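To start, the structure itself, in structure tokens.
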Amino acid sequence: MSMEYTCKDYQSEMKLLGLKRRLEEENLTEEERARITQEIKELEKAMNID
């Protein structure tokens, strides 16, 4: 059984990658870091990789 890889899947992966890279930046405030972390958790849950 194969799953179809869609444009939406690709977009979600690229967004997740961008968020994780942004989280590595040193000049983020704690508020920004918390918001990005929450976005990552929500995206991973939506992608079923949590």
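Residue numbering for the sequence shown follows the working numbering, starting at 604 and increasing by one per position.
Note that CB positions come from ideal geometry on N, CA and C, so glycine has one too.
Quantities reported herein were computed from a predicted structural model and do not represent experimental measurements.
Between the C-alpha atoms of E647 and E629 there is a straight-line separation of about 23 Å. Boundaries of the alpha helix (DSSP H) around M617: 610–626. The straight-line gap separating the alpha-carbon atoms of Y608 and A637 is approximately 30 Å.
Per DSSP, the continuous alpha helix (DSSP H) segment holding I643 begins and ends at 633–649. Across the structure, K611 and R625 are spaced so that their CA atoms are roughly 21 Å apart.
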